[in-house]
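In our numbering, the protein residues as written are 42 to 303. Ideal Cβ positions, reconstructed from N, Cα and C, are used throughout, including at glycine.
The structure is reproduced here in structure tokens:
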């Protein structure tokens with residue numbers, strides 16, 4: 042059964058109210074704690090209504106499968122040196138499977154490239170129970186709920202910014218960040234600036250294979266981080282050949298080189 046977006050969205054606010062931030066986690070934060078808090082998040086009524094309805098009505102091809110229908114936590118190696126930042130879960134991808142970039146065409150591109158570069162144990166991702174393991178890589182996103190038309194609102198991105206920041210802090214061996222798309226690139230730049238990293242001026246601009254090294258604050262345990270940008274492997278980019286397989290594989294070869302030489 043098709044999900045009628047206009048009917049669903051008329052029933053919820055067009056913009057989410059300013060979310061109340063939870064109390065900071067006590068003690069040393071961990072990725073497991075961040076994952077738990079993401080799954081329990083109810084900050085954005087528009088997104089929660091949409092994800093719930095998609096999970097209820099389903100796509101015909103998946104009508105016999107249970108849908109996750111909740112915010113999607115990060116996934117990967119807690120000791121990762123590479124952090125991949127995407128835009129948001131897909132309605133019938135991660136919103137169905139409960140794992141980032143799993144069960145859709147973007148994930149097909151991502152995990153094949155991660156496997157070829159030695160970051161994933163297998164080239165395919167179909168479910169949380171498929172045995173896939175990431176090695177030296179962790180995957181997050183700017184927004185943790187699937188948005189209608191794949192377009193989260195600015196206030197919804199801001200509501201999720203805390204989770205992105207907490208993942209960054211918890212990834213203590215981080216050396217490189219791969220941003221998939223302009224929104225992810227800009228959000229990550231804002232995050233690093235808020236953490237005291239020196240953002241060059243003029244401010245770096247998004248472009249495929251754009252690369253910039255950001256120096257950490259003078260005091261603290263963090264090391265320099267290299268920000269690497271790529272077009273997102275969405276069908277809009279892959280079907281139009283704005284992003285080709287050779288272009289995509291080259292990004293992951295560069296990511297591998299960055300974490301090995303940092």
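Pull up the distance between the alpha-carbon of residue 116 and that of residue 246, whole angstroms please.
Those two C-alpha atoms are separated by around 27 Å.
Is it the case that the Cβ atoms of residue 158 and residue 173 are separated by a distance below 8 Å?
Going by C-beta atoms, residue 158 is not nearer than 8 Å to residue 173.
Can you give me the C-alpha to C-alpha distance between residue 240 and residue 228, rounded to a whole angstrom?
As the crow flies, the alpha-carbon of residue 240 is around 13 Å from that of residue 228.
Going by DSSP, name the residue or residues bridged to residue 179.
Looking at the DSSP assignment, residue 179 forms a beta bridge with 117 and 124.
DSSP beta-bridge partners of residue 270
Its beta-bridge partners are 220.
Span separating the alpha-carbon of residue 114 from that of residue 77
Residue 114 and residue 77 have their C-alpha atoms some 8 Å from each other.
Looking at the secondary structure, which residues open and close the alpha helix (DSSP H) in which residue 253 lies?
Per DSSP, residue 253 lies in no alpha helix (DSSP H) segment; the continuous beta strand (DSSP E) that holds it begins and ends at 252–255.
Residue from 271, 263, 170 and 258 whose Cα sits closest to the Cα of residue 212
The option with the nearest alpha carbon to residue 212 is 263.
Per-residue burial, residue 281 [other beta carbons within 10 Å of its own, 16 or more giving buried]
With fewer than 16 Cβ atoms within 10 Å of its Cβ, residue 281 is classed as exposed.
Just how far apart, CA to CA, sit residue 90 and residue 253?
In this model, residue 90 and residue 253 are separated by some 38 Å (Cα to Cα).
Which residues in the same chain have their Cβ closer than 8 Å to the Cβ of residue 121, if we skip the five residues on either side of it in sequence?
Cβ-Cβ distances below 8 Å link residue 121 to 175, 177, 178, 179, 212, 214 and 215 in the same chain, with the five nearest sequence neighbours on each side left out; the list follows chain order.
For residue 143, count neighbouring Cβ atoms within 10 angstroms of its own Cβ and tell me buried if that reaches 16, exposed if not.
By the beta-carbon neighbour count (other beta carbons within 10 angstroms, threshold 16), residue 143 is buried.
Pairwise C-alpha distance: residue 188 and residue 300
Taken atom to atom, the span from the alpha-carbon of residue 300 to that of residue 188 is near 32 Å.
Check whether the segment 132–149 and the segment 92–100 are in contact - that is, three or more C-beta pairs closer than 8 Å.
Touching, yes, given that three or more Cβ pairs across the two stretches are closer than 8 Å.
According to DSSP, simplified to helix, strand and coil, what is residue 172?
Look at residue 172 here: in three-state DSSP terms it is coil, with no helix or strand label.
Which ranges would you report for the alpha helix (DSSP H) in the segment 135–214 if only whole runs of at least 4 residues count?
Every unbroken stretch of the alpha helix (DSSP H) spanning 4 or more residues and falling wholly within the segment 135–214 is given here in chain order: 135–138, 146–157 and 195–211.
Under a Cβ-count criterion, where at least 16 other Cβ atoms within 10 Å of its own Cβ denotes burial, should residue 285 be classed as buried or exposed?
Counting Cβ neighbours within 10 Å, residue 285 comes out exposed, since fewer than 16 surround it.
Just to confirm, is the Cβ distance from residue 255 to residue 220 under 8 Å?
Not a contact, by the Cβ cut-off of 8 Å.
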